[in-house]
Every structure is written in C-alpha cells, then in structure tokens.
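Comments concern the structure below.
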Amino acid sequence: MTQAETRFFTPHTIAEATGLLACGMHYRCLAGGGLLVPALRDGLPLTGVISLRRVPGLRGVERLADGRVSIGAMTPHAEVMCSDLFCGGTALVRSAASAIAHPVIRNMATIGGTICRADPAADYASALLAAGTAVHLRSDEGERVVALEDFWVADGATILREDELLVAVSLPADAGIGGSSYVRFSRVDGDYPVASAAVRLRWQDGRIVSARIAIGGCGPTAYLVEEAEALNGIATLDQVPEALARAAVERAQPRSDIKGSADFRRMLIPGLLDRGLRQALAAAP
Ligand SMILES: Cc1cc2nc3c(=O)[nH]c(=O)nc-3n(C[C@H](O)[C@H](O)[C@H](O)COP(=O)(O)OP(=O)(O)OC[C@H]3O[C@@H](n4cnc5c(N)ncnc54)[C@H](O)[C@@H]3O)c2cc1C
C-alpha cells in the first residue's frame, strides 16, 4: 500500500470517529502524531488515518462532579504539567508530564497517544499506574472503563479493540489525598527514562496507611509492586524494607538495549524506590 492510498479523515464528533473505526477498514487514530507520523513516513501500511484534532470533548483536565479528575485523551503533556488539579497523591502525574522530553514534544504529544502506544518506559507509565488510573474506551456499542493495569498487556500491546477510541483517563476521587512522587533515571536529560518509580502514599496520625508503588522501564509493561503494604504503619524511612525492594526487583523482566542491560535496570530499582519513597514522605502535609 502506498501513502497515496491512505485515506485521511477529520471527524467533528466522537460518534463520527467511532463510526469510522467501526467500519472494519483497520483505520488508526492520529493524536499528536509523534509516533504515528514517523511510522507512516517509514512506510507503515494503513488504509486510513483518523485525525482527532477537531473532535470536541477530548481535550482538557477537569474535576468531575463525583470528585474524580478526568484527563481527555487529546490533552498534551504541557497542559497536564500546568494544571493545578494535580496535587498531593496525584502530584506524581504532573511530575511525570513535566519530565517528558522537551517543550516541543510536551506541546504536541498527548496522554491518549502515550497510553495507546503502551511503552513501558514512558514517563506516564509508572506514574499513572501508581495514581490508580482508569481508561475510558468508547465505541459504537457504548463505553467501557478498564483499570490501566489491565489495559496494557505487553510492550506496544493493549486490549484496545479496533473499533474503540480512548476518550479519557480518570483518577479516583480520593487519589489526591496523601503524598506522591515520580522519579526516573535517564542517561541524558530529556531522554526516555531507563527506569522509573512512582509512589503514592496515604497516612494517618503520622503513619503510612496505604501505599501504591509502580515501576517503569523494567518489563514488558510498567508494573505495580503488590508488596507495598509492607510500608503500612511506618512513620519515617530509615531504609526501604528489604522484602519490598526484593519483591520490586524480582517482579522485573527487563530487556537489555542500547540504554542499559537488564542487570543494570534491576540494579536501579532499589535506589529509585528509596528516592521515590523519601520524596513522597517529604510531601506529607
Ligand atoms: C522526539 C520524541 C521524544 C520523546 N520523548 C519522550 C520522553 O522522554 N518520555 C516519554 O514518556 N515519552 C516521550 N515521547 C513520546 C510522547 O510522549 C508520546 O508518547 C508519543 O508522541 C505518542 O503520543 P502522540 O499523541 O504523539 O500519539 P500518536 O503518535 O498520534 O499515536 C500513537 C498511537 O496511539 C494511537 N492513538 C492515539 N490516540 C488514540 C486514541 N485517543 N484512541 C485510540 N488510539 C489512539 C495511534 O493510532 C497510534 O497507534 C517522545 C516522542 C518523540 C517524538
């Protein structure tokens, strides 16, 4: 298939966009274009591209009536970075957005495109997992809401059906309570992280009562460290509990690539956890 045979659509409603996706022609959505445009240039064979740029209702950050914070799929990283709706337990989302690349990319690339690309090393990957994000998928059949940890299945693979559009993500109403952090290691400032850790803590009477921890860049998807409950009851951090650090490393399935070996990635995890936990604790009100 040549570029000339790729059709280009500019729907003006969500229903128009999902209608195009439902027609069984294997069309793909175009968001910021940061990854799709170079892929097309490199000859990715596509029958049609659906630009989401003119579809209203897909962009922006808002607090919903039930307290959840919703981020439209077409919201660029720069807009998330500047929103004052991310604080306390969700401040990690803003930190991740501001760590991505540089201003040109942050103004162009979107949260929806990032989640659909399913790169386990993306800055949002661990941050959105730790924040407890839900993904809202729309098709002609209606909307389904999926936990982010169930949305990603492998590097570059998701459960998104061909007829579905990612319309928004939402953070739980109580996610803002507590403190959070997002920390990363990259070889060059502004480059994709080699590995990252995201931490969301809740405390009561000066002690941690719940913790959600996610690691990015160290497996086919970013992953939650379920043993984070080992932190419950802790008031200050002398050192990361050994069982927790061990569990975070054991759960990793990193690949070796030009940025670092699998062993190097495993080695980074305890230090990132330590840094992330200290920063989240320091954010305690
Ligand atoms: C030079 C450069 C540097 C970068 N550096 C970093 C970095 O340091 N850290 C980092 O985390 N990321 C980085 N990124 C990635 C960037 O943040 C985005 O993840 C990437 O550009 C994809 O988002 P997009 O909006 O451009 O999506 P697109 O390229 O438009 O689309 C990506 C994929 O998602 C699909 N898609 C998009 N939106 C939807 C939707 N709403 N519903 C269904 N499918 C959809 C498309 O069909 C396509 O398959 C970088 C990107 C570039 C180009």
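Just so we're aligned: the sequence shown equals residues 21 to 305 in our numbering.
Idealized CB from N, CA, C, for every residue including glycine.
List the residues that DSSP assigns as beta-bridge partners of residue i.
| i | result |
| --- | --- |
| proline 96 | Thr130 |
| isoleucine 91 | Val81, Val189 |
| leucine 72 | DSSP, once it has assigned bridges, lists no residue as partnering leucine 72. |
| arginine 222 | Ser230 |
| arginine 158 | Glu163, Leu185 |
| alanine 177 | Ala174 |
| aspartate 277 | Gly280 |
| leucine 244 | Ala234 |
| glycine 199 | Leu221 |
| arginine 48 | Val69 |
| arginine 298 | Paired residue(s): none; arginine 298 is not in a bridge. |
Can you tell me whether residue i is helix, strand or coil according to DSSP?
| i | result |
| --- | --- |
| alanine 151 | helix |
| glutamine 259 | coil |
| leucine 293 | helix |
| aspartate 143 | helix |
| glutamate 163 | strand |
| phenylalanine 106 | coil |
| aspartate 283 | helix |
| valine 124 | helix |
| aspartate 62 | coil |
| alanine 268 | helix |
| leucine 168 | helix |
Skipping 5 residues on each side, what residues in its chain have a beta carbon closer than 6 Å to that of residue i?
| i | result |
| --- | --- |
| glycine 152 | Pro192, Ala195 |
| glycine 296 | Ser201, Val203, Ala217, Val219 |
| histidine 46 | Thr67 |
| arginine 285 | Ala215, Cys238, Pro274 |
| alanine 242 | Pro140, Ala145, Ser146, Leu149, Ala234, Gly236 |
| serine 230 | Arg222 |
| arginine 126 | His97, Ala98, Ile120 |
| arginine 79 | Gly92, Met94, Thr95 |
Measuring only between beta-carbons, confirm whether residue i sits less than 7 Å from chain D.
| i | result |
| --- | --- |
| cysteine 43 | Considering every chain present, this structure includes no chain D. It has just one protein chain. |
In the DSSP assignment, the alpha helix (DSSP H) including residue i goes from what residue to what residue?
| i | result |
| --- | --- |
| glycine 236 | No alpha helix (DSSP H) contains glycine 236, which is instead part of the beta strand (DSSP E) from 227-236. |
| glycine 39 | 34-41 |
| serine 206 | Unbroken run through serine 206: none, as it is neither H nor E. |
| alanine 138 | Looking at the DSSP string, alanine 138 is not in any alpha helix (DSSP H), and its letter there is neither H nor E. |
| alanine 250 | Taken as a continuous stretch (DSSP letters only), alanine 250 belongs to no alpha helix (DSSP H), as it is neither H nor E. |
| alanine 116 | 111-119 |
Can you find the residues in the same chain that come closer than 7 Å, C-beta to C-beta, to residue i, ignoring five residues on each side of it along the sequence?
| i | result |
| --- | --- |
| threonine 178 | Cys136, Ala138, Phe171, Trp172 |
| lysine 279 | Arg207, Val214 |
| glycine 198 | Gly108, Gly109, Arg220, Leu221, Arg222, Trp223 |
| arginine 298 | Leu257 |
| cysteine 49 | Ile70, Leu72, Leu185 |
Could you spell out the range, first to last residue, of the beta strand (DSSP E) harbouring residue i?
| i | result |
| --- | --- |
| valine 214 | Unbroken run through valine 214: none, as it is neither H nor E. |
| valine 173 | 172-174 |
| leucine 55 | From DSSP, leucine 55 is part of no beta strand (DSSP E); its letter is neither H nor E. |
Only counting the same chain, and skipping five residues up and downstream in sequence, which positions put a Cβ closer than 8 Å to that of residue i?
| i | result |
| --- | --- |
| valine 89 | Val81, Glu82, Arg83, Leu105, Phe106, Thr110, Ser190, Leu191, Ala195, Gly196 |
| alanine 255 | Gly226, Arg227, Ile228 |
Please confirm whether any heavy atom of ligand 2 lies closer than 6 Å to the CB of residue i.
| i | result |
| --- | --- |
| tyrosine 212 | In the structure shown, ligand 2 is absent; the only ligands present are ligand 1. |
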